[in-house]
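Residues in the sequence shown are numbered consecutively from 7, following our numbering.
Using N, Cα and C, we set each Cβ at its ideal position, and we do this for glycine too.
Here's the structure we're looking at; comments come further down.
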Amino acid sequence: MTTHEIGPRLVDGRLMYNRAVRVDDPRSWLFVSGHEARDDDGAIAHRGDMAGQMRLTLQRLGETVAEGGMTMADVVQIRIATTDLAACTSRYDVLMDGLAAVGCRPASLLAEVSALSDPDMLIEIEAVAVR
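Have a look at this one:
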């Protein structure tokens with residue numbers, strides 16, 4: 007399998023997102039449901055802390071991707087929903103750095119929504135991985 011990045015958008019030399027990612031000859035697909043910043047007991051962690059929720063959400067997403075037999079470098083698309091677009095964009099470096107650290111260079115969507123499934127959630131991320 008090979009991937010081709012189309013229209014990468016950079017900020018200060020770092021990848022913010024790709025407008026598209028073409029995948030040639032994939033063997034496996036992994037569709038990952040929305041993930042959030044839940045602690046080991048299932049409660050929302052880092053209430054009111056966008057950066058903290060971003061980090062834990064990426065960690066949980068990575069755990070699920072690994073359980074599916076892939077790595078975050080195999081993720082080709084993410085969709086991010088947030089209840090506070092201003093707070094999310096002001097801390098977007100946390101997401102960019104977290105994704106870069108694991109070799110993840112996806113096409114992406116960032117959208118503000120009126121609510122998520124728990125009122126303490128600030129962000130939710132779903133993904134598609136291919137190998």
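| message | Does the distance between the C-beta of Ile84 and the nearest non-hydrogen atom of the ligand ADP fall short of 7 Å? | response | This structure lacks the ligand ADP, and indeed carries no ligand of any kind.
| query | CA-CA distance, Arg28 and Gly48? | reply | 35 Å
| query | For Val145, which option in Val71, Asp90, Thr88 and Ala117 has the closest C-alpha, if you only look at C-alpha atoms? | reply | The first residue shown for the chain is 7 and the last is 137, placing residue 145 beyond what the model contains.
| query | Hey, quick one: how far does the alpha helix (DSSP H) through Met102 stretch, first residue to last? | reply | Tyr98 to Ala107
| task | In angstroms with no decimal places, state the Cα-to-Cα distance between Glu42 and Ile50. | result | 8 Å
| Stretch-stretch touch, CB-based, cutoff 8 Å, three pairs: the region 30-44 with the region 112-120 | no
| query | Does the region 123-134 come close enough to the region 11-20 that 3 or more CB-CB pairs lie under 8 Å? | reply | no
| message | Just verifying my parser: in three-state terms, what is the DSSP assignment at Asp124? | response | coil
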